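Structure, as structure tokens:
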Amino acid sequence: MSEVRSDVLLDVRDLRCTIPTPRGDVKVLSGVNVTLDRGQTLGLVGESGSGKSMFVRSLMGITPPQAVLEGTARFDGQDLLTLPKTEARQIWGRRIGMVFQDPMTSLNPVVRIGRQVGEAAEKHLGLTRQQARRRAIELLELVGIPEPGKRHRSYPHEFSGGMRQRVTIAMALACEPDLLIADEATTALDVTVQQQILDLLQEIQRERHMAMILVSHDLGVVSDRCDEVAVMYAGRIVEHAPTDRLFAEHRHRYTGALLRAIPRFDRPKHSVLETIEGTPPNLAALPPGCAFAPRCRFSVDACTTAVPPMTPAEDERHRFACYNPSTAEDRRDDPVVSPGTMSTSKEAVL
Ligand SMILES: Nc1ncnc2c1ncn2[C@@H]1O[C@H](COP(=O)(O)OP(=O)(O)OP(=O)(O)O)[C@@H](O)[C@H]1O
Ligand code: SF4
Ligand SMILES: [Mg+2]
Numbered sequence: 001m002s003e004v005r006s007d008v009l010l011d012v013r014d015l016r017c018t019i020p021t022p023r024g025d026v027k028v029l030s031g032v033n034v035t036l037d038r039g040q041t042l043g044l045v046g047e048s049g050s051g052k053s054m055f056v057r058s059l060m061g062i063t064p065p066q067a068v069l070e071g072t073a074r075f076d077g078q079d080l081l082t083l084p085k086t087e088a089r090q091i092w093g094r095r096i097g098m099v100f101q102d103p104m105t106s107l108n109p110v111v112r113i114g115r116q117v118g119e120a121a122e123k124h125l126g127l128t129r130q131q132a133r134r135r136a137i138e139l140l141e142l143v144g145i146p147e148p149g150k151r152h153r154s155y156p157h158e159f160s161g162g163m164r165q166r167v168t169i170a171m172a173l174a175c176e177p178d179l180l181i182a183d184e185a186t187t188a189l190d191v192t193v194q195q196q197i198l199d200l201l202q203e204i205q206r207e208r209h210m211a212m213i214l215v216s217h218d219l220g221v222v223s224d225r226c227d228e229v230a231v232m233y234a235g236r237i238v239e240h241a242p243t244d245r246l247f248a249e250h251r252h253r254y255t256g257a258l259l260r261a262i263p264r265f266d267r268p269k270h271s272v273l274e275t276i277e278g279t280p281p282n283l284a285a286l287p288p289g290c291a292f293a294p295r296c297r298f299s300v301d302a303c304t305t306a307v308p309p310m311t312p313a314e315d316e317r318h319r320f321a322c323y324n325p326s327t328a329e330d331r332r333d334d335p336v337v338s339p340g341t342m343s344t345s346k347e348a349v350l
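Residue 1 is where the sequence shown starts when you use UniProt numbering, and the numbers rise one by one after that.
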């Protein structure tokens, strides 16, 4: 029975994204379900190529032009997939803001920073050029740019990588969005700047009761910043749970493997890190059952015949798709994993 939630902002059902290519149809997303409440933070993790970016890009209407999207993605009740583009554009950039990994993909190198930040507010909120400039200066201050009254006249190349990323956050926040999507927004930054930017996002999010999707390779990053975590593998969410439950009581074998592959501060100095053998499957020729089966040492017969359905755990907010899930006994020898015990250094990136 599906749970009724009163404060739902985003409700994605059976989202599929297929990209036709000469080597066949690439099934980038194979039925993603996500529900996100206002003010909540969802962490989205998984190996490279699992579909994290394509998922959030589908919500923003920025998938490749040949991509075929199916399913529904309701934002505040309106389906972003079928809404006429003119109406969807009122949501993209205004009610949903997005920050990308490389700030230079969002910044125009020949336009002054202040102008770029103010532009969204001018366009969506109908501000005059002068009002937009004032708003840009306020936003630059909010994201911690020193001397924003002067620095708004700078060009992107005059800023460091961390400052440029702060500018793209200011742009994404220009219209006070209800949902902010950060796709690997801090991956390219050094650990200290990464922490600062994540702290900033979290602070703004709490102040404004904004929902957030934090996309990351790095479970360390999401562990202490998200209310819930969804684990993606080969275009599907394979486990989704409140963050503390995911770390303490994960059931899917892929989640367990991911967690055991993370360097942690509490691990004995010379202990060997586990790795996940093999490579992710070819999305143009997915196996008939669980996509993780060729790499899974717990695979049983059912795993290679049909895709495992999402099943609720004891806590119904925790769901997983695995025919032979881990038990408390299996997890007994796992070192205690809790937020803060994991490294967020580059080595932690899978
Ligand atoms: N234009 C395209 N044509 C065919 N396949 C594509 C195209 N764009 C993306 N893909 C495939 O879609 C899959 C999902 O890509 P996506 O960028 O969402 O992964 P990701 O989880 O964000 O990975 P990363 O952690 O490296 O950012 C990948 O296997 C990728 O090769
Ligand atoms: S469904 Fe089977 S193959 Fe897939 S993770 Fe679970 S045990 Fe492993
Ligand atoms: Mg990505």
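We put the beta carbon where it would ideally sit given N, CA and C, even for glycine.
These figures come from a predicted structure and were not determined experimentally.
(message) Can you tell me whether P64 is buried or exposed? The criterion is at least 16 other CB atoms within 10 Å of its CB, across all chains shown.
(response) One-based indexing of the sequence shown puts residue 64 at position 64. So P64 ends up on the exposed side.
(request) Could you tell me whether any non-hydrogen atom of ligand 2 is closer than 7 Å to the CB of A293? (result) Position 293 of the sequence shown, counted from the start, is the residue given in the question as residue 293. The nearest non-hydrogen atom of ligand 2 is less than 7 Å from the C-beta of A293.
(request) Have a look at I19 and G49 and give me their C-alpha separation to the nearest angstrom. (result) Along the sequence shown, read from residue 1 onward, the residue named residue 19 stands at position 19. Along the sequence shown, read from residue 1 onward, the residue named residue 49 stands at position 49. Those two C-alpha atoms are separated by around 14 Å.
(request) Compare the beta carbon distance of R225 and E239 with 8 Å and say whether it is the shorter of the two. (result) For this step, residue 225 is matched to residue 225 along the sequence shown. For this step, residue 239 is matched to residue 239 along the sequence shown. No, these two residues do not count as a Cβ contact at 8 Å.
(request) Please list, following the chain, all residues that have a C-beta closer than 7 Å to any non-hydrogen atom of ligand 5. (result) Ligand 5 is not among the ligands present in this structure, which contains only ligand 1, ligand 2 and ligand 3.
(message) Using CA atoms only, rank isn't needed, just tell me which of Q130, G220, P103 and E207 is closest to D167.
(response) Residue numbering aside, residue 167 sits at position 167 when the sequence shown is read from its first letter. The question names Asp, but residue 167 is Val in the sequence shown. For the residues Q130, G220, P103 and E207, the minimum Cα distance to V167 belongs to P103.
(message) Give me, in chain order, the residues of the same chain whose beta-carbon lies closer than 8 Å to that of R332; leave out the 5 immediate sequence neighbours on both sides.
(response) As a position in the sequence shown, residue 332 is number 332, starting the count at 1. Correct list: empty, nothing qualifies.
(request) Just mark V99 as buried or exposed, buried being the case when its beta carbon has 16 or more other beta carbons within 10 Å. (result) For this step, residue 99 is matched to residue 99 along the sequence shown. By the 10 Å Cβ count, V99 comes out buried.
(message) I'd like the list of long-range same chain contacts for G162, defined as Cβ closer than 6 Å, with 5 residues on each side in sequence excluded.
(response) Walking along the sequence shown from the start, residue 162 turns up at place 162. L189 and V193.
(request) Can you say whether C17 is buried or exposed, counting buried as having 16 or more other CB atoms within 10 angstroms of its CB? (result) Indexing the sequence shown from 1 puts residue 17 at position 17. By the 10 Å Cβ count, C17 comes out buried.
(message) I'd like to confirm something about V222: is its beta-carbon nearer than 7 Å to some heavy atom of ligand 1, or not?
(response) Walking along the sequence shown from the start, residue 222 turns up at place 222. No, Cβ of V222 sits at least 7 Å from all heavy atoms of ligand 1.
(message) Determine whether the beta carbon atoms of R245 and D315 lie at a separation below 8 Å.
(response) Locating residue 245 in the sequence shown gives position 245, where the first residue counts as 1. Locating residue 315 in the sequence shown gives position 315, where the first residue counts as 1. Cβ atoms of R245 and D315: closer than 8 Å.
(message) The alpha helix (DSSP H) that contains V243, what's its start and end?
(response) Position 243 of the sequence shown, counted from the first residue, corresponds to residue 243. According to the sequence displayed, residue 243 carries Thr and not Val. From DSSP, the alpha helix (DSSP H) with T243 extends over T243 to E249.
(message) On a Cα-Cα basis, can you pick out the residue from L219, R89 and F247 that is closest to K123?
(response) Here residue 123 refers to the residue found at position 123 of the sequence shown. Minimum Cα distance to K123 is reached at R89.
(message) Considering only their Cβ atoms, is the gap separating L259 from L214 smaller than 8 Å?
(response) Against the sequence shown, residue 214 aligns to sequence position 214. Against the sequence shown, residue 259 aligns to sequence position 259. Contact check for L214 against L259 fails: the beta carbons are separated by 8 Å or more.
(request) Name the residue from T41, A291, D14 and K150 whose alpha carbon lies nearest to the alpha carbon of R253. (result) Taking the first residue of the sequence shown as 1, we reach residue 253 at position 253. The shortest Cα separation from R253 among T41, A291, D14 and K150 belongs to A291.
(request) Determine the closest residue to G71 out of L140, V34, P84 and Y155, with distance taken between C-alpha atoms. (result) Residue mapping note: residue 71 aligns to position 71 of the sequence shown, counting from 1. Nearest C-alpha to G71: V34.
(message) Relative to the C-alpha of A67, which candidate in G24, A257 and G39 has its C-alpha closest?
(response) Residue numbering aside, residue 67 sits at position 67 when the sequence shown is read from its first letter. Closest option to A67, Cα to Cα, is G24.
(message) Starting from E70, trace the beta strand (DSSP E) in both directions and tell me its first and last residue.
(response) Translated into the one-based positions of the sequence shown, residue 70 becomes position 70. Start and end: V68 to F75.
(request) Determine which residues share a DSSP beta bridge with T41 and list them. (result) Looking up residue 41 in the sequence shown gives position 41. Residue pairing of T41 in beta bridges, as defined by DSSP: M212.
(message) Using a Cβ-Cβ cutoff of less than 7 Å, which residues in the same chain neighbour R13 once the five nearest sequence positions on both sides are dropped?
(response) Within the sequence shown, the letter at position 13 stands for residue 13. Within the same chain, N33, G71 and T72 come within 7 Å of R13 by CB-CB distance, once the 5 residues on both sides are set aside.
(request) Look at the alpha carbon of E184 and the alpha carbon of S216, and state the distance between them as a whole number of angstroms. (result) Reading the sequence shown from its first residue, position 184 is the one you call residue 184. Reading the sequence shown from its first residue, position 216 is the one you call residue 216. C-alpha separation (whole angstroms): 5 Å.
(request) With a 10 Å radius around its C-beta and 16 neighbouring C-beta atoms as the bar for buried, classify P312 as buried or exposed. (result) By one-based count along the sequence shown, residue 312 stands at place 312. Result: exposed.
(request) Kindly examine ligand 1 and report whether one of its heavy atoms sits closer than 7 Å to the Cβ of A105. (result) Residue 105 sits at position 105 when you count from the first residue of the sequence shown. One point to set straight first is that residue 105 is Thr, not Ala, in the sequence displayed. Every heavy atom of ligand 1 is 7 Å or more from the Cβ of T105, so no.
(message) For G289 and I276, I'd like the C-alpha separation in whole angstroms.
(response) As a working note, residue 289 is residue 289 in the sequence shown. As a working note, residue 276 is residue 276 in the sequence shown. Cα-Cα distance, rounded: 19 Å.
(message) According to DSSP, is G97 part of a helix, a strand, or is it coil?
(response) The residue you call residue 97 lines up with position 97 of the sequence shown. Strand.
(request) Give a yes or no on whether the C-beta atoms belonging to Q40 and D227 are separated by under 8 Å. (result) As a position in the sequence shown, residue 40 is number 40, starting the count at 1. As a position in the sequence shown, residue 227 is number 227, starting the count at 1. Yes, these two residues count as a Cβ contact at 8 Å.
(request) Taking only the alpha-carbon atoms, compute the straight-line gap between I137 and A248 and give it to the nearest angstrom. (result) Position 137 of the sequence shown, counted from the first residue, corresponds to residue 137. Position 248 of the sequence shown, counted from the first residue, corresponds to residue 248. In this structure, the CA atom of I137 is about 44 Å from the CA atom of A248.
(message) My parser needs the alpha helix (DSSP H) runs of 4 or more residues fully inside the region 97-165; what are they?
(response) Within the region 97-165, the complete alpha helix (DSSP H) runs of at least 4 residues are 113-125, 129-142 and 148-151.
(request) Note down the Cα distance separating A293 from V26, rounded to an integer number of angstroms. (result) By one-based count along the sequence shown, residue 293 stands at place 293. By one-based count along the sequence shown, residue 26 stands at place 26. For A293 and V26, the distance between alpha carbons rounds to 19 Å.
(message) ligand 2 and S299: does any heavy atom of the ligand fall closer than 7 Å to the residue's C-beta?
(response) Locating residue 299 in the sequence shown gives position 299, counting from the first residue. Here the distance from the Cβ of S299 to the nearest heavy atom of ligand 2 is below 7 Å.
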